[in-house]
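Engineer: First the structure, which I've put down as structure tokens, then a few questions once you've had a look.
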Amino acid sequence: MCWEAIKHDRTAVNTLKRRQAALVQWYIAPGFPGPTKRPMVTKVLKVIRELHPQREKQATLLQSKIGKPSSAPHHIK
725 MCWEAIKHDR TAVNTLKRRQ AALVQWYIAP GFPGPTKRPM VTKVLKVIRE
775 LHPQREKQAT LLQSKIGKPS SAPHHIK
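With positions in the sequence shown counted from 1, the corresponding number in the numbering used here is that position plus 724.
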């Protein structure tokens with residue numbers, strides 16, 4: 725994969741980690757050394773993590789989903 729493709733790819737970092745783990749198993753099963761520990765691979769993954777940091781997910785306000793607190797049934801108050 726060329727550098728430009730890596731720069732614009734929006735695959736999540738966790739997805740890349742899962743794929744990396746699958747590659748390791750695929751190589752180790754027949755007895756080959758896993759390629760994912762090579763310096764170039766770890767460097768590329770580090771750069772990807774820096775270029776595409778995980779966004780924090782913000783929860784929706786609970787009140788906006790259930791309405792105003794005064795709209796609750798009387799026995800719940």
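Backbone N, C-alpha and C define an ideal beta-carbon position, used for all residues, glycine too.
Would you report the Cα separation of Val748 and Pro754, rounded to the nearest angstrom?
Structural biologist: By 1-based counting over the sequence shown, the position of residue 748 is 24. By 1-based counting over the sequence shown, the position of residue 754 is 30. Spanning the two alpha carbons is a distance of roughly 11 Å.
Engineer: If you draw a straight line from the C-alpha of His776 to the C-alpha of Lys767, how long is it?
Structural biologist: Numbered from its first residue, the sequence shown carries residue 776 at position 52. Numbered from its first residue, the sequence shown carries residue 767 at position 43. Rounded to whole angstroms, His776 to Lys767 spans 14 Å at the Cα level.
Engineer: Thinking C-beta only, is Pro763 closer than 9 Å to Tyr751?
Structural biologist: By 1-based counting over the sequence shown, the position of residue 751 is 27. By 1-based counting over the sequence shown, the position of residue 763 is 39. Not in contact: Tyr751 and Pro763 (Cβ atoms no closer than 9 Å).
Engineer: Please report the straight-line C-alpha distance between Arg743 and Glu780, rounded to a whole angstrom.
Structural biologist: What you label residue 743 is simply residue 19 of the sequence shown in a count that begins at 1. What you label residue 780 is simply residue 56 of the sequence shown in a count that begins at 1. One C-alpha to the other measures close to 23 Å.
Engineer: Quick check: what's the CA-CA separation for Ala746 versus Lys770?
Structural biologist: Looking up residue 746 in the sequence shown gives position 22. Looking up residue 770 in the sequence shown gives position 46. Rounded to whole angstroms, Ala746 to Lys770 spans 19 Å at the Cα level.
Engineer: Compare the Cα-Cα distances from Ala736 to each of Leu785, Arg773, Pro757, Lys761 and report the closest residue.
Structural biologist: For the purposes of this step, residue 736 is identified with residue 12 of the sequence shown, where counting begins at 1. The shortest C-alpha separation from Ala736 is found at Arg773.
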